[in-house]
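Engineer: Below is the structure I would like to discuss, written out as structure tokens.
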Amino acid sequence: MADVAQGERRQLAPPVNDAGAFGWLRKNLFSSWGNAITTIVLVGAIGWILARFIDWAVINAVWTAPTGQDCRGHGACWALIHEKYRYIFFGSFPYEQQWRPLLAVITMLAMLILSSDRRMWNARLLWIWGVGSFLTFLLMFGQIHISISLILFVALGAGGLGMLMRGGVGTPAEVNGWRALAAIGAVGLILRVTGVLPAWSLPIAPFDYVETHLWGGLPVTMILATYGLLFAFPYGILLALGRRSHLPLIKGLCVGFIELIRGVPLISLLIMASVMLPLFLPSGTTIDKFLRAQVAVILFAGAYIAEIIRGGLQSLPKGQFEAADAMGLNYFQKTTLIILPQALRVVIPPLINTFIGFFKDTSLVLIIGIFDFLNTANQALVDPNWAGFPGEVYLFAAFVYFCFCFSMSRYAKYLEVELNKGTRR
Amino acid sequence: MATAAQELSKAPSVITLKGVNKWYGQFHVLSDINLDVKLGEKIVVCGPSGSGKSTLIRCINRLEEHQQGDIVVDGVMLSNDVKNIEAIRREVGMVFQSFNLFPHLTILDNLTLAPIWVKKTPKKDAEEIAMNLLKRVRIPEQALKYPGQLSGGQQQRVAIARALCMRPKIMLFDEPTSALDPEMVKEVLDVMVELAREGMTMICVTHEMGFARAVADRVIFMDRGEIVEQNEPEEFFAHPKNERTKLFLGQILHH
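Structure below.
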């Protein structure tokens, strides 16, 4: 009864079932009468719409014209964009100084592009963002006064971070260095608050000062979105970890905050930040409106990011936590070395989805009188000389938004592949 | 055999459990456990599913918390003090049923992580120790691959090497071969037998009775949260005394 395989195993090629482009067409588009008719009708309709659009947007378009009157009866009035693009991009920023927001936008783009390369993900990134952010805001404000309190605060922050990150692994001399830095910052701040140190600041003032209420257009959208998400991300991570904490107080605070923020619309949060917050502050103190909007965006985005990251944390098998525990890693090491690197990888797609959403949602700052890119575009329509061409302006705005959002989406795709190299199970 | 047993009885205790009790809600998962493990002793724990054998060894390194009784490991009493727990975990290596390698790190990084961060070993030394251990488990050529690229048996051998990297005094094995394809069980058991011959103190939860016969100084049978019977392997397999032990051995040995 024994049945034993004889000779060598035959090595066969897989069967060929679709031969070239013609085969593909037949299989996918013309497999039946119904399919064939649907294909022909759809191709016809799409072709017709496309032809009409090209006719309007390119062939019959008016590229330059003194006023909107000359556009009437023709196709797209790109002359309007040509006339207003400086306002759409830079808002009410003083006209002859608009090279400053332009350079600021380029600086931010450069920072973003540099940090998108995985080989740059190390301490260099801190320098890039430190120097780049300083340049961006120096260009936008024109003058920055670095107060002694800020310097001390940065020393305390850097020292604290150094102690936390390097405390376990650095040489004693290095760790003592971080401790000394933190101590200088802490003691200095106490002396400053008690009035022993005078209020001194280092003025850096190469340009004219431009207040935030004159800012507008693309730099505003980019600053709100970039710095909003930059701060919301670590904040969201802390909230997500806090929500899974075993300490009831921390857990309660995080749950309460997340649910509270998620339960209200961003608009109401912005209005609260702009109208109600000043009522609670002692009279005489003001916080810049732009800063208030920025903080509102950070708080709002943080709550959403926290929930996404919590999903990633929950997707990890319990064994990963146990293996890290069994090795004797402490909570901080376990979280930063084992848990977060895996959890964040899992949530890249929903995270980028949220980032894209927030990039566009920053337009809601219109409600408190800040002019981001979409709002300056909208404002360009108010000019009576150019009334009646909303389609062109919104199409242009949509195109610029698309460039940003599509880049983010493609980058997310690249990142997923890059981070999963070799680790796919 | 007798001399080996005498030698063991003179060795110092490294793990002592006294009157340990644990409940999951109303379920009494560990019932009055008393256990004394000598330095260099190899113990195999067996028993039906749900008998508390995994819970028992997971209490030893505080992956599970016991509610009553004392557990002393290497002279340190387990308590809620994080310092004590971390001190014990440094001395106790653990190997899991599902390997639990870190999938985002290479094999080498999996091995050097704990020595570098917990023991503050310089990276170079840690890598040297890791490579030596990978040679011992016979997969040094896989050092730069990721866990997902290895077979189950290879992954479990890496997991053993990873635990050994911390130079632990005690190794806990929680059903190390249960998740493996049959043809890979031997390669993992071979490594464990070698480790046992070198004198490592081991507690293994396993149903590999051949392994128990070959290396165990003592076999413990657990059922319904209590230690029902324990004996030297020959006696244990040849003349089980308790009815439940007989039933269990009958079920796993005759099929």
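Going down the list, the sequences are from chains A and B.
The first sequence runs contiguously to residue 425 in this note's numbering.
The second sequence runs contiguously to residue 255 in this note's numbering.
Just so it is clear, CB atoms sit at the ideal spot from N, CA and C, and this is done for glycine as well.
Remember, it's a predicted structure, so these values are computed and weren't measured experimentally.
With H, G and I counted as helix, E and B as strand and the rest as coil, what does DSSP make of B/Glu232?
Structural biologist: Three-state DSSP puts B/Glu232 in coil, outside helix and strand.
Engineer: For the stretch 194-202 of chain A against the stretch 69-79 of chain A, do three or more pairs of beta-carbon atoms, one drawn from each stretch, fall closer than 8 Å, so that the two count as touching?
Structural biologist: no
Engineer: Tell me which residue opens and which closes the beta strand (DSSP E) that A/His213 is part of.
Structural biologist: That residue, A/His213, is in no beta strand (DSSP E); it is neither H nor E in DSSP.
Engineer: In angstroms with no decimal places, state the Cα-to-Cα distance between A/Leu29 and A/Leu103.
Structural biologist: So the alpha carbons of these two residues sit roughly 50 Å apart.
Engineer: Which residues of chain A have a Cβ atom closer than 9 Å to the Cβ of B/Asn80, listed in chain order?
Structural biologist: Within chain A, no residue comes near B/Asn80; the closest Cβ sits about 12 Å away, beyond 9 Å.
Engineer: Please classify A/Arg425 as buried or exposed, where buried requires at least 16 other C-beta atoms within 10 Å of its C-beta.
Structural biologist: Because A/Arg425 sits at a pLDDT of 44, beneath the cut-off of 50, its placement in the model cannot be relied upon, and the following sentence gives the value as read from the coordinates. Its Cβ having fewer than 16 others within 10 Å, A/Arg425 is exposed.
Engineer: Tell me which residues share the same chain as A/Thr362 and place their Cβ nearer than 6 Å to its Cβ, disregarding the 5 neighbours each side in the sequence.
Structural biologist: Counting only Cβ-Cβ distances below 6 Å, and skipping sequence neighbours, we find Thr221, Leu224, Ala225 and Asp372.
Engineer: Does A/Arg425 get closer than 8 Å to chain B when you measure Cβ to Cβ?
Structural biologist: In this prediction, A/Arg425 scores a pLDDT of 44, lower than 50, which makes its location untrustworthy; no coordinate-derived value is stated.
Engineer: Taking Cβ-Cβ distances shorter than 7 Å, what residues in chain A pair up with B/Ala98?
Structural biologist: Reading the sequence as shown, one finds Ser at residue 98 of chain B and not Ala. Result: Gly319.
Engineer: Measure the Cβ-Cβ separation of A/Ile348 and A/Ala240 and say whether it is below 8 Å.
Structural biologist: Cβ atoms of A/Ile348 and A/Ala240: not closer than 8 Å.
Engineer: Using the Cβ count rule (16 or more neighbours within 10 Å means buried), how would you classify B/Met1?
Structural biologist: For B/Met1, the predicted model reports a pLDDT of 48, less than 50, meaning its position is unreliable; a value from the coordinates is still stated below. With fewer than 16 Cβ atoms within 10 Å of its Cβ, B/Met1 is classed as exposed.
Engineer: Taking the C-alpha atoms as reference points, what is the distance between A/Lys413 and A/Val346?
Structural biologist: 12 Å
Engineer: Is there at least one Cβ from chain B nearer than 8 Å to A/Gln314's Cβ?
Structural biologist: no
Engineer: Less than 8 Å between the beta carbons of B/Gly19 and B/Gln68, yes or no?
Structural biologist: yes
Engineer: Taking only beta-carbon atoms, is A/Asp55 less than 8 Å away from chain B?
Structural biologist: no
Engineer: Check B/Asn100 in the structure and name its three-state DSSP category.
Structural biologist: coil
Engineer: Scan the stretch 115-159 of chain B and note each continuous alpha helix (DSSP H) run of 4 residues or more that stays entirely inside, going in chain order.
Structural biologist: 123-136
Engineer: Classify B/Lys18 as helix, strand or coil using the three-state DSSP reduction.
Structural biologist: strand
Engineer: Helix, strand or coil: which one does DSSP assign to A/Val382?
Structural biologist: Looking at A/Val382 - three-state DSSP - the assignment turns out to be coil, as it is neither helix nor strand.
Engineer: Using the beta-carbon count (16 or more within 10 Å), is A/Ala326 buried or exposed?
Structural biologist: Buried, by the Cβ-count rule.
Engineer: Looking at the unbroken beta strand (DSSP E) that takes in B/Phe173, where does it start and where does it end?
Structural biologist: Ile170 to Asp174
Engineer: Here's a check: name, in chain order, each residue in its chain whose Cβ is nearer than 7 Å to the Cβ of B/Gln154, leaving out the five neighbours to either side.
Structural biologist: Ile139 and Gln142
Engineer: Determine the contact status of A/Ala158 and A/Leu181, defining contact as a CB-CB distance below 8 Å.
Structural biologist: yes
Engineer: By alpha-carbon positions, which one of A/Gln320, A/Gly236, A/Gly328 and A/Ser407 ends up nearest to A/Leu299?
Structural biologist: A/Gly236
Engineer: A/Glu322 versus chain B: which residues are under 9 Å apart at the beta carbon?
Structural biologist: Simply Arg58, Leu63, Met94, Phe96 and Asn100.
Engineer: With respect to the beta strand (DSSP E) encompassing A/His82, which residues constitute its N-terminal and C-terminal limits?
Structural biologist: Per DSSP, A/His82 belongs to no beta strand (DSSP E); it is in the alpha helix (DSSP H), Trp78 to Phe90.
Engineer: Along chain A, which residues have their Cβ under 7 Å away from the Cβ of B/Arg90?
Structural biologist: Gly328
Engineer: Return the first residue and the last residue of the beta strand (DSSP E) that B/Gln68 is part of.
Structural biologist: Gln68 to Val73
Engineer: My guess is that A/Phe404 and A/Cys71 are in contact by the Cβ rule of under 8 Å, so how many angstroms apart are they, rounded?
Structural biologist: Contact doesn't hold; Cβ gap of about 28 Å is too wide.
Engineer: Would B/Met1 pass as an interface residue toward chain A - the criterion being a Cβ-Cβ separation below 8 Å?
Structural biologist: Confidence at B/Met1 is low in this model, with a pLDDT of 48, below 50, so the placement of that residue should be treated as unreliable; the coordinate-derived value is given next. Taking CB atoms only, B/Met1 has no neighbour in chain A less than 8 Å away.
Engineer: Is the distance from the Cβ of A/Leu270 to the Cβ of A/Ile368 below 8 Å?
Structural biologist: yes
Engineer: Could you pull the start and end residues of the alpha helix (DSSP H) that A/Ile113 belongs to?
Structural biologist: For A/Ile113, the enclosing alpha helix (DSSP H) has its first and last residue at Trp99 to Ser116.
Engineer: If you draw a straight line from the C-alpha of A/Asn420 to the C-alpha of B/Leu105, how long is it?
Structural biologist: 11 Å
Engineer: Residues in its own chain within less than 7 Å of B/Met184 by CB, not counting five upstream and five downstream?
Structural biologist: Within the same chain, B/Met184 has close Cβ partners Ser151, Gly152 and Gly153.
Engineer: Whole angstroms are fine: how far does the CA of A/Phe137 sit from the CA of A/Ile190?
Structural biologist: 28 Å
Engineer: Thinking just about the alpha-carbon of each residue, which of A/Ser201, A/Leu253, A/Arg179 and A/Leu112 is nearest to the one in A/Ile144?
Structural biologist: If we check each option's Cα against that of A/Ile144, A/Ser201 comes out closest.
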